[in-house]
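273 is the number that UniProt numbering gives to position 273 of the sequence shown; each next residue is one higher, with no gaps.
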Amino acid sequence: MKNIPEREFNYADADFARVKAIIYRKAGINLGDSKKQLVYSRLARRLRVLQLDNFDEYLAYLDHNKNEQQEFINALTTNLTAFFREAHHFSTLADYARNRKATAGKLRVWCAASSTGEEPYSIAMTLVEAYGSYSPPVEIIASDIDSSVLEFAAQGIYSLDRLDVLSLEQKKHFFLRGKGRNNGSAKVIDKLRQLVDFRQINLLDRDWRLGAGFDVIFCRNVMIYFDKPTQLQLLERMVRLLKPEGLYIAGHSESFSNASHLVKLVAKTTYKLIDNHAGERQ
Ligand SMILES: C[S@@+](CC[C@H](N)C(=O)[O-])C[C@H]1O[C@@H](n2cnc3c(N)ncnc32)[C@H](O)[C@@H]1O
């Protein structure tokens with residue numbers, strides 16, 4: 001028989017079931033049974049930090065400790081992202097900006113699961129290039145539930161290999177290369193950093209405090225963690241924040257064919273409100 005390595009902490013099916021219920025209630029994240037081991041390794045780190053002996057103790061501690069509830073969420077989110085991920089969406093954004101009337105006011109974008117910042121900074125670079133100005137008439141709000149990725153994003157420091165997908169010009173125009181002990185990393189320039197307003201928003205919150213009138217909502221690769229009813233509820237609330245001509249941009253594996261009463265597909269994973277919803281507000 002194969003040797004199954006012993007776990008450092010006792011971790012029963014009932015512990016996993018409790019974790020599943022809590023993260024679903026707090027963040028809408030719907031963990032499948034295949035995630036049992038992943039959850040163990042992510043939370044075992046928290047038990048070590050807190051010097052607790054088992055999951056039972058951890059879950060009791062979690063119950064009463066607000067800070068730990070945030071750490072718990074941070075530990076269980078998946079933050080995979082990249083600069084210009086699904087590059088076609090950024091061409092769509094650039095076209096949208098170029099075709100917009102100069103009198104239309106600020107172009108408002110919400111990046112609703114911005115993770116470590118690569119996505120909102122890609123949006124900002126795209127709009128600087130589209131307007132040919134480091135102070136384009138735009139407002140970019142980037143949000144996530146995870147406080148640690150938001151802190152990372154606000155610093156705007158990335159290892160150089162993350163920047164491989166950028167053109168030489170983009171690296172030159174938008175990043176400062178680290179020297180000395182910062183060798184191997186690059187920092188987003190202040191002018192680009194200042195274009196992005198990072199906020200903590202849980203998509204399950206009743207009120208996102210954003211106001212309406214968005215030109216584009218990027219909500220990519222986060223709906224996949226939610227169940228179908230949650231996805232539909234969120235889509236309904238988000239598209240009501242769009243201007244009538246606005247765009248809702250989804251991730252590569254997210255499809256809203258079940259929401260044809262609400263949105264229509266206008267380009268690859270890019271949606272617009274169907275006409276009878278245009279102009280409705282949250
Ligand atoms: C896989 S990343 C996607 C990042 C980026 N949008 C992209 O496509 O490259 C998913 C992000 O969704 C965030 N997230 C998960 N549940 C959330 C919730 N309820 N509210 C807001 N953000 C959430 C996670 O913290 C994570 O940073």
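Just so you know, even glycine gets a beta-carbon here, dropped at the ideal spot from N, CA and C.
Let me know the secondary structure DSSP gives Pro136 once reduced to three states. The three-state reading of DSSP puts Pro136 in coil, since its state is none of H, G, I, E or B.
Under 8 Å between C-beta atoms of Arg162 and Phe83: Cβ atoms of Arg162 and Phe83: closer than 8 Å.
For Asn79 and Val149, believed in contact at Cβ under 8 Å, the rounded distance: The Cβ separation is near 5 Å, so the contact holds.
Environment of Ala10 [buried if 16+ CB atoms lie within 10 Å]: With the sequence shown as reference, residue 10 is identified as Asn, and Ala is not the correct amino acid for it. Asn10 counts as exposed, since fewer than 16 other C-beta atoms from the protein chains shown sit within 10 angstroms of its C-beta.
Measuring straight from C-alpha to C-alpha, what distance separates Ala29 and Ala44? Note on identity: in this sequence residue 29 is Ile, with Ala being the wrong assignment. If you draw a straight line from the Cα of Ile29 to the Cα of Ala44, it comes to about 19 Å.
Just to confirm the assignment: which complete beta strand (DSSP E) runs, minimum length 3, are found wholly within the region 99-131? You should have 107-111.
Between the Cα of Pro136 and those of Leu166, Ala75, Arg193, Gly213, spot the shortest distance and give me the residue it belongs to. Its Cα nearest to that of Pro136, the residue Arg193 stands out among Leu166, Ala75, Arg193, Gly213.
Cα-Cα separation between Ile23 and Leu241, rounded to whole angstroms: Computed Cα separation, rounded: 26 Å.
With contact counted as at least three CB pairs below 8 Å, one residue from each stretch, are the region 203-220 and the region 248-265 in contact? Touching, yes, given that three or more Cβ pairs across the two stretches are closer than 8 Å.
Using 8 Å as the Cβ pair cut-off and three pairs as the minimum, do the region 57-77 and the region 123-138 touch? No: fewer than three Cβ pairs fall under 8 Å.
What is the DSSP secondary structure of Leu241, reduced to helix, strand or coil? Annotated three-state conformation of Leu241 is coil, per DSSP.
Closer than 7 Å: Asn54 CB and nearest ligand 1 heavy atom: No, ligand 1 has no heavy atom inside 7 Å of this Cβ.
Is Phe16 near Val49, with beta carbons less than 8 Å apart? Against a cut-off of 8 Å, the Cβ pair of Val49 and Phe16 comes out as no contact.
Taking only three categories from DSSP, how would you classify Ala12? Reduced to three states, the DSSP call for Ala12 is coil.
Any heavy atom of ligand 3 closer than 7 Å to the Cβ of Ser253? Inclusion of ligand 3 in the displayed structure is not the case, the ligand content consisting of ligand 1 alone.
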